[in-house]
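Structure first, commentary second.
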Amino acid sequence: MAHAHDAHAHHDDHHHGPDKGIMRWIKTTNHKDLGTLYLFFAFTMFFIGGLMSLVIRAELFHPGLQFVQPEFFNQMTTMHALVMIFGGVMPGFVGLANWMVPMMIGCSDLALPRVNNWGFWILPFAFAMLIGTLFMDGGAPAGGWTMYPPLVLQTGNAFPFLIFAVHLMGISSITGAINVVVTILNMRAPGMTLLKMPLFVWTWLITAYLLIAVMPVLAGAVTMLLTDKYFGTSFFTAAGGGDPVMFQHIFWFFGHPEVYIMILPAFGIVSTIIPTFARKSLFGYDSMVYASASIAFLSFIVWAHHMFTVGMPLAGELFFMFATMLIAVPTGVKVFNWVATMWKGSMTFETPMLFSIAFVFLFTIGGFSGLMLAMTPVDFQYHDTYFVVAHFHYVLVPGAVFSIIAAVYYWIPKWTGRMYNEFWGKVHFWLSAVFINLTFFPQHFAGLAGMQRRVPDYAVQFTDFNVISTIGAFGFFVAQFIFIFNMLSSCFGWFGRKQGLPDRVWEGAHGLEWTVASPAPYHTFEDPPQFSDSEGTAIHDEAVAKA
Amino acid sequence: MSGREQQQPSVRRASNMHAVRLLFVTAAMFGFGFALVPMYNMLCDALGINGKIELKAADAAPVDVDPNRTVTVEFVTTVNGGRNWEFHPDQPSIEVHPGKLYTVTFFARNTEDHDLVAQAVPNIAPWEAAKHLKKTECFCFNQQPFKAGEAKDMPVVFMLDPELPPDVDRVTLSYTFFDVSDIAMKPN
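Sequence lines, in order, name chains A and B. First residue of the first sequence? That's 48 in our numbering, and the numbers climb one at a time after it. First residue of the second sequence? That's 63 in our numbering, and the numbers climb one at a time after it.
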């Protein structure tokens with residue numbers, strides 16, 4: 048290290064702070080700046096996608112058509128999903144990885160900082176193009192985010208923009224993923240072996256591999272759609288000998304691992320926060336790592352459970368049903384480990400902890416409804432109903448989104464040096480927890496009773512459930528402004544918030560990120576730190592670390 | 063301007079190599095997405111699980127007729143894209159004995175005021191029956207040109223082979239007519 052320092056001493060640029068003005072953000076290769084950009088981008092997309100969901104919920108407040116035409120309603124369901132998945136949840140997790148992975152493993156930046164900059168700056172263009180389709184002739188894509196042909200091939204002028212936007216999102220995700228893998232495997236601080244890495248780093252490593260494996264497959268699938276529409280190929284066009292069902296196979300070969308791409312980092316976050324506020328090391332560290340890896344592996348062999356109703360041989364239905372149910376085993380290991388970590392801990396209930404506990408509870412509900420959907424015979428009833436909508440929103444909102452919120456509460460004192468307001472944090476939590484259940488729990492019942500998804504109208508007997516659901520959605524949306532103002536106040540020091548927190552902001556927190564100053568300096572760990580045994584012991588569960 | 067300059071050269075080299083390797087994986091997975099297409103078709107063919115049948119004449123070798131077994135074959139027709147061409151079977155269903163050849167006819171009329179080329183795509187339910195329905199002659203083997211207003215009676219000669227699984231007593235043969243005027247190739 049000393050050698051490297053000498054060799055590059057003439058650069059003398061590694062101690063000055065960031066550039067000034069807008070160019071700082073456009074040209075930055077600093078992982079903290081890019082993490083911040085990713086997070087601001089993600090929350091902007093959460094806002095836009097949230098507005099779209101409010102259009103959907105407002106229309107469904109009553110049966111019949113009140114506010115929008117069915118065509119526009121379909122555009123809203125399609126765009127809501129694309130914006131939330133590719134614009135909100137995924138960049139949100141990439142932002143957290145940008146900020147935290149280098150600080151957790153003790154390196155100065157990601158391995159490929161300039162690629163990191165490109166990876167981020169592709170996204171605004173991708174989403175400008177995607178959201179711009181709303182203002183085109185024929186409107187935005189309306190065939191569902193899964194882009195099934197032949198329906199999606201009827202999309203008007205928006206079609207090539209949709210495809211190209213998906214390509215760009217894919218490139219952005221892949222560059223981010225390659226960066227994370229290369230950083231984690233090459234640049235850990237001396238003394239940090241793989242099985243001493245914080246769980247968030249582990250889950251992101253696995254997520255990054257999933258991204259590298261499946262985003263190119265999605266890119267291939269949408270390229271085939273593009274050539275089917277414009278270049279006379281017949282991958283999915285039955286008239287030319289193609290098969291629309293094949294698209295569903297290819298899409299869900301991407302789509303199911305994608306589901307775990309959106310939840311594995313959340314597992315990492317919760318596995319970091321719960322030990323901090325239970326003041327115990329994580330129970331069953333190794334089993335957490337192996338469970339994450341098993342989930343990632345299993346995600347590749349269960350895709351057809353999304354399409355039981357297209358018709359497949361009995362053997363296929365049985366295989367995909369049992370393989371899907373198998374995922375409950377490693378997931379159950381994780382849930383039990385979180386509960387065991389809390390067991391007999393000296394628990395306190397700061398906001399990040401509240402969100403994490405809610406995650407454990409509500410994600411498990413989403414997991415159980417997933418198990419119900421895994422059963423082929425009953426899936427024929429549940430398929431394309433609101434039961435499915437309730438299921439995946441339970442794992443995505445109180446699952447993935449709650450974990451992103453928890454992570455921001457947990458680390459924002461480290462990022463900005465200013466504590467968030469605990470009272471408003473708790474208010475935000477309770478409003479979110481109540482309203483999110485109000486939104487999505489009744490949808491289970493509506494779905495079981497036969498209410499279809501992606502339809503702007505419904506039979507009158509579903510009215511009560513939908514009224515409750517719409518009230519919940521509006522309440523949840525409004526409650527998020529408490530969070531936004533709380534976080535912006537910490538960023539910009541509004542309401543007289545002062546810096547001056549200890550390095551270890553939470554006294555129960557462990558890991559290298561808590562050994563640097565608060566706020567974290569622009570450059571951290573330019574000389575790799577020694578990862579001490581005591582810190583490693585605190586991360587890893589004690590019995591194993593001693594052995 | 064940070065990060066990269068401070069990395070040790072050995073770490074930087076290792077990182078670059080690693081990134082290049084992962085780029086190759088990315089490219090390979092992009093290719094794999096396309097490789098899924100022939101894999102899918104081969105698997106469907108080998109296992110006969112897609113209800114898809116080959117668009118060429120089957121071997122019509124005479125086999126033993128099984129007069130004791132009767133299977134109902136139903137015919138379903140659809141015109142793709144909501145076009146209002148007339149297209150229907152001349153008989154909704156027939157009773158057949160496995161091993162015997164039957165001829166049925168379908169009627170189609172181009173109700174539009176311009177010429178077009180249509181292609182019928184067959185599908186069979188249940189999928190187990192797909193490889194046991196043998197057609198020696200079918201209008202789906204070729205693209206069908208229609209003049210404006212032209213009507214045609216189109217024959218299908220087929221037989222169910224006696225290997226049809228015993229629990230199948232009803233087979234549905236469905237045809238969807240697609241307008242392929244834009245991509246009309248010469249018949250193969």
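Idealized CB from N, CA, C, for every residue including glycine.
Requested in this report: From the DSSP output, read off the bridge partner residues of Val141 (chain B).
Outcome: Mapped onto the second sequence, residue 141 (chain B) falls at position 79. Note: Val141 (chain B) sits in a beta bridge opposite B:Phe239.
| said: What does the alpha-carbon distance come out to for the pair Arg171 (chain B) and Phe208 (chain B)? | reply: As a working note, residue 171 (chain B) is residue 109 in the second sequence. As a working note, residue 208 (chain B) is residue 146 in the second sequence. Arg171 (chain B) and Phe208 (chain B) have their C-alpha atoms roughly 8 angstroms apart.
**Study point:** Terminal residues of the alpha helix (DSSP H) in which Tyr256 (chain A) lies
**Key:** Here residue 256 (chain A) refers to the residue found at position 209 when the first sequence is read from its first residue. Tyr256 (chain A) -> alpha helix (DSSP H) spans 246-277.
Evaluate Leu241 (chain A) with the Cβ neighbour count: other Cβ atoms within 10 Å of its Cβ, from every protein chain shown; 16 or more gives buried, anything less gives exposed. The residue given as residue 241 (chain A) occupies position 194 in the first sequence. With fewer than 16 Cβ atoms within 10 Å of its Cβ, Leu241 (chain A) is classed as exposed.
Alpha carbon to alpha carbon, how far is Ala182 (chain B) from Phe240 (chain B)? Give it in angstroms, no decimals. Position 178 of the second sequence, counted from the start, is the residue given in the question as residue 240 (chain B). Position 120 of the second sequence, counted from the start, is the residue given in the question as residue 182 (chain B). Near 6 angstroms, if we compare the C-alpha coordinates of Ala182 (chain B) and Phe240 (chain B).
| Could you check where the alpha helix (DSSP H) with Thr411 (chain A) kicks off and where it finishes? | Taking the first residue of the first sequence as position 1, residue 411 (chain A) is located at position 364. It spans 398-421 - the alpha helix (DSSP H) in which Thr411 (chain A) sits, taken as one unbroken run.
Margin query: Please classify Ile218 (chain A) as buried or exposed, where buried requires at least 16 neighbouring CB atoms within 10 angstroms.
Written below: Your numbering for residue 218 (chain A) matches position 171 in the first sequence. Looking at its Cβ environment, which holds 16 or more other Cβ atoms inside 10 Å, Ile218 (chain A) is buried.
Reference Tyr337 (chain A), options A:Phe355, A:Val380, A:Gly190, A:Gly302, closest by Cα
Translated into positions along the first sequence, residue 337 (chain A) becomes position 290. Tyr337 (chain A) has its Cα closest to that of A:Val380, out of A:Phe355, A:Val380, A:Gly190, A:Gly302.
Where does Phe603 (chain A) sit, in a helix, a strand or coil, going by DSSP? The requested residue 603 (chain A) is not part of the displayed model; chain A covers only 48 to 594.
Backbone secondary structure at Met394 (chain A) - three-state DSSP: As a position in the first sequence, residue 394 (chain A) is number 347, starting the count at 1. Of the three classes helix, strand and coil, the one that applies to Met394 (chain A) here is coil, per DSSP.
* Taking DSSP as the reference, what is the three-state secondary structure of Glu174 (chain B)? -> Start at 1 with the first residue of the second sequence, and residue 174 (chain B) comes out as number 112. Shown here, Glu174 (chain B) sits in coil according to DSSP, grouped into three states, outside any helix or strand.
Note down, in chain order, every chain B residue with its Cβ under 7 angstroms from the Cβ of Gly358 (chain A).
For the purposes of this step, residue 358 (chain A) is taken as the residue at position 311 of the first sequence. Within 7 angstroms of the CB of Gly358 (chain A), the CB atoms of chain B belong to Trp189, in sequence order along the chain.
Could you work out which residues of chain A lie near Ile111 (chain B), taking near to mean beta carbons separated by less than 8 angstroms? Stepping through the second sequence from its first residue, residue 111 (chain B) is reached at position 49. Neighbourhood of Ile111 (chain B) in chain A, by CB distance below 8 angstroms: Met359, Pro360, Gly363, in chain order.
(request) Answer yes or no: does any C-beta atom of chain B fall closer than 7 angstroms to that of Phe578 (chain A)? (result) To locate residue 578 (chain A), count along the first sequence from 1; it is residue 531. Residue contact with chain B for Phe578 (chain A): absent (no Cβ-Cβ distance below 7 angstroms to any residue of chain B).
(Q) Mapping the DSSP letters down to three states, classify Ile156 (chain B) as helix, strand or coil. (A) Taking the first residue of the second sequence as position 1, residue 156 (chain B) is located at position 94. When secondary structure is reduced to three states using DSSP, Ile156 (chain B) falls in the strand class.
* Spatial neighbours of Gln206 (chain B) in its chain, beta-carbon cut-off 8 angstroms, leaving aside the 5 residues before and after -> Locating residue 206 (chain B) in the second sequence gives position 144, counting from the first residue. Scanning its chain for C-beta atoms nearer than 8 angstroms, with the 5 sequence neighbours on each side dropped, one finds around Gln206 (chain B) the residues Ala170, Val179, Ala180, Gln181, Ala182, Lys214, Met216, in chain order.
Interface partners of Pro287 (chain A) on chain B, CB under 7 angstroms:
Indexing the first sequence from 1 puts residue 287 (chain A) at position 240. It is worth fixing the name first, because residue 287 (chain A) is Gly in this sequence and not Pro. Correct list: Ile245.
Please return the same chain residues whose Cβ sits closer than 6 angstroms to the Cβ of Glu106 (chain A), not counting the five positions on each side in sequence. By one-based count along the first sequence, residue 106 (chain A) stands at place 59. For Glu106 (chain A), where only same-chain residues beyond five positions count, the Cβ hits under 6 angstroms are Phe114, Val115, Phe120, Pro503.
With respect to the alpha helix (DSSP H) encompassing Met70 (chain A), which residues constitute its N-terminal and C-terminal limits? By 1-based counting over the first sequence, the position of residue 70 (chain A) is 23. Start and end: 69-74.
Rounded distance between the beta-carbons of Leu222 (chain B) and Leu195 (chain B), thought under 8 angstroms = Indexing the second sequence from 1 puts residue 195 (chain B) at position 133. Indexing the second sequence from 1 puts residue 222 (chain B) at position 160. About 6 angstroms; that satisfies the 8 angstroms criterion.
Requested in this report: Along the alpha helix (DSSP H) that carries Phe523 (chain A), what are the first and last residues, could you check?
Outcome: The residue you call residue 523 (chain A) lines up with position 476 of the first sequence. Per DSSP, Phe523 (chain A) belongs to the alpha helix (DSSP H) from 510-539.
Nearest-angstrom Cβ-Cβ length linking Leu226 (chain B) and Pro160 (chain B), presumed shorter than 8 angstroms
Here residue 226 (chain B) refers to the residue found at position 164 of the second sequence. Here residue 160 (chain B) refers to the residue found at position 98 of the second sequence. At roughly 6 angstroms, the Cβ-Cβ gap stays under 8 angstroms, so Leu226 (chain B) and Pro160 (chain B) are in contact.
Quick check on the burial criterion: 16 or more other C-beta atoms within 10 angstroms. Buried or exposed for Lys545 (chain A)?
On the first sequence, residue 545 (chain A) is found 498 positions in, with the first residue counted as 1. Taking every protein chain shown into account, the CB of Lys545 (chain A) has fewer than 16 other CB atoms within 10 angstroms, so this residue is exposed.
message = What residue range does the alpha helix (DSSP H) around Met221 (chain B) cover?
response = As a position in the second sequence, residue 221 (chain B) is number 159, starting the count at 1. First-last for Met221 (chain B): 213-222, but that is the beta strand (DSSP E), not the alpha helix (DSSP H).
Along the chain, where does the alpha helix (DSSP H) containing Lys473 (chain A) start, and where does it finish? Position 426 of the first sequence holds residue 473 (chain A). Here the alpha helix (DSSP H) through Lys473 (chain A) covers 469-495.
Going by other Cβ atoms of all chains shown within 10 Å of its Cβ, with 16 needed for buried, is Val448 (chain A) buried or exposed?
Within the first sequence, numbered from 1, the residue matching residue 448 (chain A) stands at position 401. So Val448 (chain A) ends up on the buried side.
For Glu136 (chain B): DSSP bridge partner residues: Position 74 of the second sequence, counted from the start, is the residue given in the question as residue 136 (chain B). According to DSSP, which records beta bridges pairwise, Glu136 (chain B) is partnered with B:Ser155, B:Thr234.
*Helix or strand or just coil, what does DSSP make of His557 (chain A)?*
The count along the first sequence starts at 1 and reaches residue 557 (chain A) at position 510. In this structure, His557 (chain A) counts as coil in the three-state DSSP scheme.
Tell me the DSSP secondary structure of Phe149 (chain B) in three-state form. As a first step, residue 149 (chain B) must be located in the second sequence, where it is residue number 87. In the structure shown, Phe149 (chain B) sits in a strand (DSSP, three-state: E or B).
Practice problem: Locate the alpha helix (DSSP H) running through Glu582 (chain A), then write down its first and last residues. | Solution: Mapped onto the first sequence, residue 582 (chain A) falls at position 535. First-last of the alpha helix (DSSP H) with Glu582 (chain A): 580-586.
What do you get for Arg104 (chain A), buried or exposed, if any count of 16 or more other CB atoms within 10 angstroms of its CB means buried? Numbered from 1 along the first sequence, position 57 holds the residue referred to as residue 104 (chain A). Within a 10 Å sphere around the beta-carbon of Arg104 (chain A) sit 16 or more other beta-carbons, which makes this residue buried.
Q. Quick one, which of A:Gly223, A:Ala520, A:Ile308, A:Gly238 has its alpha-carbon nearest Leu84 (chain B)'s?
A. Numbered from its first residue, the second sequence carries residue 84 (chain B) at position 22. It is A:Gly223.
request  = Output yes if chain B places a C-beta closer than 7 angstroms to the C-beta of Gly64 (chain A); else output no.
outcome  = The residue labelled residue 64 (chain A) in the question sits at position 17 within the first sequence. Answer no: the Cβ-Cβ gap between Gly64 (chain A) and chain B never drops below 7 angstroms.
message = Between which two residues does the alpha helix (DSSP H) holding Thr230 (chain A) run?
response = As a position in the first sequence, residue 230 (chain A) is number 183, starting the count at 1. Here the alpha helix (DSSP H) through Thr230 (chain A) covers 205-233.
Worksheet item: Does any CB atom of chain A fall closer than 7 angstroms to the CB of Met79 (chain B)?
Response: If you number the second sequence from 1, residue 79 (chain B) lands on position 17. For Met79 (chain B), the answer is no, since every Cβ of chain A falls outside 7 angstroms of its Cβ.
Under a Cβ-count criterion, where at least 16 other Cβ atoms within 10 Å of its own Cβ denotes burial, should Glu167 (chain B) be classed as buried or exposed?
-> Working through the second sequence from its first residue, we reach residue 167 (chain B) at position 105. Contrary to the premise, residue 167 (chain B) reads as Thr rather than Glu in this sequence. By the 10 Å Cβ count, Thr167 (chain B) comes out exposed.
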